Amino acid sequence: MKIENIAAEVRPRVTWESVDLGFSMVRHWWKPIFLPWLATMVPFAIVVNLTLWQHPWLALFVLWWTKPLFDRIPLHVVSHALFGEQPNVAQTLRALPRLFRFHFIKALTIHRLDPARSFTLPVWQLEHLSGRKRVQRVRILQKNAQNTAVWLTAACLCFIFIIALGLLLLLLMLVPSDVAETLWYEFSDQRSAWWVAPLSNGFLMAATILIEPFYVAGGFALYLNRRTHLEGWDIELSFRRLAERIRASRGQLATVLLLLAGLSGTVMLTSPALVHAETTLLSREQAREKIDEVFAQPEFNTRKERTGWYAIDPPAEETKEKDAEEDDGETSWWDEFVTFMKALLAVGDVMALLMEVLLWLLVVVLAALLIYFFARWRPEFGGTRMARKRRRSPCALFGMDVRPESLPDDVAGEAWALWQAGQTAEAISLLYRGALVTLIHRDGITLASSATEGDCVRQVRSAGDRIMSETTDYFTRLTLTWQSLAYAHRLPASSTAEQLCQQWPQHFEEQK
Amino acid sequence: MLDTSRSLETPEGVNLSLRIAGPVVRCYAWVIDQVIRIVAYSVLSFVLQFTGTIGMGLLLIIVFLIEWFYPVYFEVMHAGATPGKKRMGIRVMHDDGTEVGWQASLIRNLLRTADLLPFAYGFGLVSMLVSRDFKRLGDITAGTVVVYRERPTIWTDIPQATPLAPAIAMTTDEQYALLQFAERAATLTEERRNELADTLQDISGERGGMATQRLLQNANWLVGRR
Chain P
4 MKIENIAAEV RPRVTWESVD LGFSMVRHWW KPIFLPWLAT MVPFAIVVNL
54 TLWQHPWLAL FVLWWTKPLF DRIPLHVVSH ALFGEQPNVA QTLRALPRLF
104 RFHFIKALTI HRLDPARSFT LPVWQLEHLS GRKRVQRVRI LQKNAQNTAV
154 WLTAACLCFI FIIALGLLLL LLMLVPSDVA ETLWYEFSDQ RSAWWVAPLS
204 NGFLMAATIL IEPFYVAGGF ALYLNRRTHL EGWDIELSFR RLAERIRASR
254 GQLATVLLLL AGLSGTVMLT SPALVHAETT LLSREQAREK IDEVFAQPEF
304 NTRKERTGWY AIDPPAEETK EKDAEEDDGE TSWWDEFVTF MKALLAVGDV
354 MALLMEVLLW LLVVVLAALL IYFFARWRPE FGGTRMARKR RRSPCALFGM
404 DVRPESLPDD VAGEAWALWQ AGQTAEAISL LYRGALVTLI HRDGITLASS
454 ATEGDCVRQV RSAGDRIMSE TTDYFTRLTL TWQSLAYAHR LPASSTAEQL
504 CQQWPQHFEE QK
Chain G
17 MLDTSRSLET PEGVNLSLRI AGPVVRCYAW VIDQVIRIVA YSVLSFVLQF
67 TGTIGMGLLL IIVFLIEWFY PVYFEVMHAG ATPGKKRMGI RVMHDDGTEV
117 GWQASLIRNL LRTADLLPFA YGFGLVSMLV SRDFKRLGDI TAGTVVVYRE
167 RPTIWTDIPQ ATPLAPAIAM TTDEQYALLQ FAERAATLTE ERRNELADTL
217 QDISGERGGM ATQRLLQNAN WLVGRR
C-alpha cells in the first residue's frame, strides 16, 4: 500500500462525507466489483435456494447469515483499486480461497451481529490483525466512526427492503390488473403458490446484491477517513509533493539559494520556480509603487469615449448669476423662455389641484354609492332577521293578494257561493289564494315573491313531513285546476269545483 | 482523482468546491423531516377533532399544504435546508452553487411523486446510486444538488514555538499542509509526527523530534507570530 498511488482525493472528511466517497468508489469501479461479486453470489444463492427449496425462509436466512464472507470480495477489489492495483475478475476469483479462509468461523459466529461490521472488516482483512491487537486497534479507530457505521448498517438494511419491495410493486404495476390481483392474492395468502417463495427470495437477493457493495465500500471509506484523521495522510501526501518539488528544482538549478536575512526573517527569492509573493515583505512605498503599477495595466485602465446628452448644472442659478451680472438689463430669450416655463408650471399646478379635487369627489361619490347599494341589497345578502321574515311571507304572488287579512272567514263557503253565482274564476281563485295563505302562514312554507305556481307545488312537495301527503295532492289538483282556468280558460266540471270546495276545509281550515 | 466534491470556477476566478451529499445522509435527513411532519399532523388532528367535519376538511388542507410545501418553504427561506437537512449538516443548492430559488425548489419537490415510486423513494434511491452527483430525479430535473454545509474554519491554537521563517518559499497549498500539520500535531502519535516531519528532511535539515520542532516553528511564523 503506497499512499502516493491513492486514486481518491485525500482530505479529512466529515464521517458522512466519507461514506459518500465509498459509494462513489463503487460507481467508479462498478465493473471489477460487480462481476466477481455476481459470479460468486448468484450461483451460491441458487444452490442454497435449490437445496433448501422446501424451506425458503431458511434459505433466505442462510444467505443472510453468510453475507459477511462475501463482503470480502468487494472490499478486496475496492481496497486494491484505490491504491492503483485494480485486480481483474480472474485475479479476484483466484484470491477467493484466501479471502474466505481468513477468520472463517469468527466471522460467522461472534462477529456476525456486529452492527458496525462494515467498519471493522477492513481492520481484519487489510491489516491482518487478530486477537487482542485487533480489539485494541478497533477501539482506537472506532472512536467517532462507530456511530456512523451503525447508522450506515441500518440505512443499507432499509435500502435493501426498499429495493426488494419496490421490485415487487413494480411488477404488480406493470402486469395487467387481473394478473396483478392474482399475484397480490398469492403473495398475501399464507398457503401460497409454489412460485411465491422463489420470487420473493429472488427480489430480496437482487436488492442485497445491488446494495451490499455500496455498504462495504461505505464502511471501508469510513475506515480510510479515520486513518486519514489519525495518521495525517493528507499531510503526508502534501509533504511528499513538496519534498519532490524541492528536489526537482534543486536538480534543475545550479545554485541553491537559501537566504535568511537576519532577525526580520525576510526571505529573498531568486529562483523563478520558487517565487511567491506571500513570503516577500514590501515596505509601504514599495507596495504603493506596485499597486500603482498594477493599476496602470490595461485591465484596470480602460478609457472609453461616449457621446450623449447630459444635464448640466441647474439653469435657475445660472440665470440668477447672469441677472446679477447684467444688472437687470434687457430680457434675453433665455429669460423669456424661463418665464414661459414658469407660467406653464403654474398652469400645471392648477391642473394638478383640479385633478386632485376631482379624484376626491370621485372617492366620495363611490363611497356614497357603496353605502347606498349596501343598504339597498342588504336584505338579499342575508340581511336582518326582520328583512328575512318579510321576504319569507310575500304580500302578493303572481298578482294575488296573499295577506291573511284579505281572506274571508269561511273561504270554502264563500267560494261555493261565488261558483253558484257564476263567478267561476273568482271562486277557484279564492280557493287557491286561501290555500297559499294557509301554506305560507300556518305551515311556514318559504315562497319567494317571484315564485310561479309550479314553484309553489314543488316547495310544498319538498316540505316533507310538515304537510300531509293528502294535502299535497289536494293542493296539486287545485293548482292544476286554477292554472287551466286562469291561463287556458277551461272551466272545470261543476262536480270538480264542488269537490274542491268541500275538501278545502279538511286541508286548510282546521287550525285557522 | 476520485472525490465527492465538485469544484466550480466563478467568472472572477474564485474556486468554489461543493461537497456533494449522498443517499445515506439524505435518507436520515428525510426521516427527521418526516418525523417532524407526523408529529405536527398528530397534534393538529388531535386539536381539530373537536371541531367536527370542518376540522376534518381543514386538516386535509393543512396536510396537503405541509406535505408539498414544507420542503419548498424551508429550502427557499432558510438557506436551502429543511430542519432535517440542517440537523444532518446538508443543504440544497443550484448546480452552479447559487442559493436555491422558488422555481428549482418547487420542481425538485413536486417531482418527489416520481422519486417515491415504486415504494419509499425506490427510484430516487437508484437514481442517487447511479448518478454522478447523487441526484434523485427531482434534482436532475431542477438542476440542484444537495451539498454539505461549509463548516466554519476552526482555528485551533497551534503549539507555541519560536517563530522561524521557512527555508524555502511555499505555495498556498504547501503552507496549508504545514499549518494542518501544526494544528493536528496533538492528535497524531509522536512516532507518526516525527515520521511526517522526516518527509521534509531536505528542507528542515533535521530529523526526528527536531524536525517536528522546526516545522512547528515555521508554522508559528506562517500564522504571523514574530
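Protein chains in written order, with our numbering: chain P, 4 to 515; chain G, 17 to 242. Note that the Cβ used here is the ideal one computed from N, Cα and C, for glycine as well. Computed from a predicted structure; not experimentally measured.
Sheet register partners of residue i (DSSP bridge)
{"i": "residue 403(P)", "result": "400(P)"}
{"i": "residue 164(G)", "result": "106(G)"}
{"i": "residue 203(P)", "result": "Answer by DSSP bridge pairing: none, since residue 203(P) is not bridged."}
{"i": "residue 36(G)", "result": "163(G)"}
{"i": "residue 480(P)", "result": "Bridge partners of residue 480(P): none, in fact."}
{"i": "residue 25(G)", "result": "31(G)"}
{"i": "residue 11(P)", "result": "18(G)"}
Option in the options with minimal Cα separation from residue i
{"i": "residue 68(P)", "options": "79(P), 56(P), 108(P), 481(P)", "result": "108(P)"}
{"i": "residue 81(G)", "options": "70(G), 93(G), 57(G), 63(G)", "result": "57(G)"}
{"i": "residue 229(P)", "options": "148(P), 436(P), 71(P), 219(P)", "result": "148(P)"}
{"i": "residue 447(P)", "options": "467(P), 348(P), 176(P)", "result": "467(P)"}
{"i": "residue 243(P)", "options": "19(G), 239(G), 189(G), 157(G)", "result": "189(G)"}
{"i": "residue 203(P)", "options": "9(P), 379(P), 167(P), 131(P)", "result": "167(P)"}
{"i": "residue 508(P)", "options": "235(P), 474(P), 489(P)", "result": "474(P)"}
{"i": "residue 400(P)", "options": "375(P), 49(P), 371(P), 437(P)", "result": "437(P)"}
{"i": "residue 246(P)", "options": "187(G), 130(G), 91(G), 32(G)", "result": "187(G)"}
{"i": "residue 38(G)", "options": "205(G), 143(G), 134(G)", "result": "143(G)"}
{"i": "residue 200(G)", "options": "487(P), 300(P), 233(P), 219(P)", "result": "233(P)"}
{"i": "residue 28(P)", "options": "209(P), 85(P), 146(P)", "result": "85(P)"}
{"i": "residue 235(G)", "options": "206(G), 215(G), 217(G), 177(G)", "result": "177(G)"}
{"i": "residue 240(G)", "options": "182(G), 47(G), 218(G), 210(G)", "result": "182(G)"}
{"i": "residue 103(G)", "options": "43(G), 227(G), 72(G)", "result": "43(G)"}
Any C-beta of chain P under 8 Å from that of residue i
{"i": "residue 146(G)", "result": "yes"}
{"i": "residue 134(G)", "result": "yes"}
{"i": "residue 212(G)", "result": "yes"}
{"i": "residue 160(G)", "result": "no"}
{"i": "residue 109(G)", "result": "no"}
{"i": "residue 124(G)", "result": "no"}
{"i": "residue 29(G)", "result": "no"}
{"i": "residue 227(G)", "result": "no"}
{"i": "residue 51(G)", "result": "no"}
{"i": "residue 223(G)", "result": "no"}
{"i": "residue 152(G)", "result": "no"}
{"i": "residue 215(G)", "result": "yes"}
{"i": "residue 35(G)", "result": "yes"}
Same chain, Cβ closer than 7 Å to residue i, five either side skipped, listed in chain order
{"i": "residue 477(P)", "result": "506, 510"}
{"i": "residue 88(G)", "result": "121, 122, 125"}
{"i": "residue 129(P)", "result": "82"}
{"i": "residue 236(P)", "result": "6, 13, 230"}
Contact with chain G by residue i, beta-carbon distance below 8 Å
{"i": "residue 219(P)", "result": "no"}
{"i": "residue 158(P)", "result": "yes"}
{"i": "residue 208(P)", "result": "no"}
{"i": "residue 275(P)", "result": "At residue 275(P) the pLDDT is 40, less than 50, meaning the model places this residue with poor confidence and gives no usable figure here."}
{"i": "residue 270(P)", "result": "Low confidence applies here, because residue 270(P) scores a pLDDT of 41, under 50, leaving its location unreliable; read the following figure in that light. By this cut-off, residue 270(P) is an interface position."}
{"i": "residue 2(P)", "result": "Outside the shown range of chain P (4 to 515) lies residue 2(P), about which nothing can therefore be said."}
{"i": "residue 26(P)", "result": "yes"}
{"i": "residue 154(P)", "result": "yes"}
{"i": "residue 12(P)", "result": "yes"}
{"i": "residue 127(P)", "result": "no"}
{"i": "residue 249(P)", "result": "yes"}
{"i": "residue 380(P)", "result": "no"}
{"i": "residue 265(P)", "result": "Confidence in residue 265(P) is poor, its pLDDT being 38 and thus under 50, which makes the residue's placement too unreliable to answer from."}
{"i": "residue 246(P)", "result": "yes"}
{"i": "residue 257(P)", "result": "With a pLDDT of 43 at residue 257(P), under the threshold of 50, the modelled position of this residue cannot be trusted; read the value that follows with caution. Answer no: the Cβ-Cβ gap between residue 257(P) and chain G never drops below 8 Å."}
{"i": "residue 22(P)", "result": "yes"}
{"i": "residue 141(P)", "result": "no"}
Cβ shell of residue i (< 6 Å), same chain only, five flanking positions each side left out
{"i": "residue 212(G)", "result": "none"}
{"i": "residue 165(G)", "result": "105, 107"}
{"i": "residue 35(G)", "result": "21, 163, 164"}
{"i": "residue 16(P)", "result": "228"}
Proximal residues to residue i (C-beta, below 8 Å), its chain only, five neighbours per side dropped
{"i": "residue 156(G)", "result": "143, 147"}
(request) Jot down the residue ranges of each uninterrupted beta strand (DSSP E) in the region 64 to 152 of chain G, minimum 3 residues, whole runs only, in chain order. (result) DSSP runs (the beta strand (DSSP E)) wholly in the region 64 to 152 of chain G: 106 to 110.
(message) For a minimum of 4 consecutive residues, which ranges assigned as the alpha helix (DSSP H) are wholly contained in the region 58 to 94 of chain P?
(response) Runs of the alpha helix (DSSP H) inside the region 58 to 94 of chain P: 59 to 68, 70 to 85.
(message) Which complete alpha helix (DSSP H) runs does the region 454 to 480 of chain P hold, if anything under 4 residues is left out?
(response) As far as the region 454 to 480 of chain P is concerned, its whole alpha helix (DSSP H) runs of at least 4 residues are 456 to 465.
(request) Could I get the ranges of all uninterrupted beta strand (DSSP E) runs contained in the region 13 to 40 of chain P, with 3 residues as the minimum, in chain order? (result) Taken in chain order, the complete beta strand (DSSP E) segments of 3 or more residues contained in the region 13 to 40 of chain P number zero; there are none.
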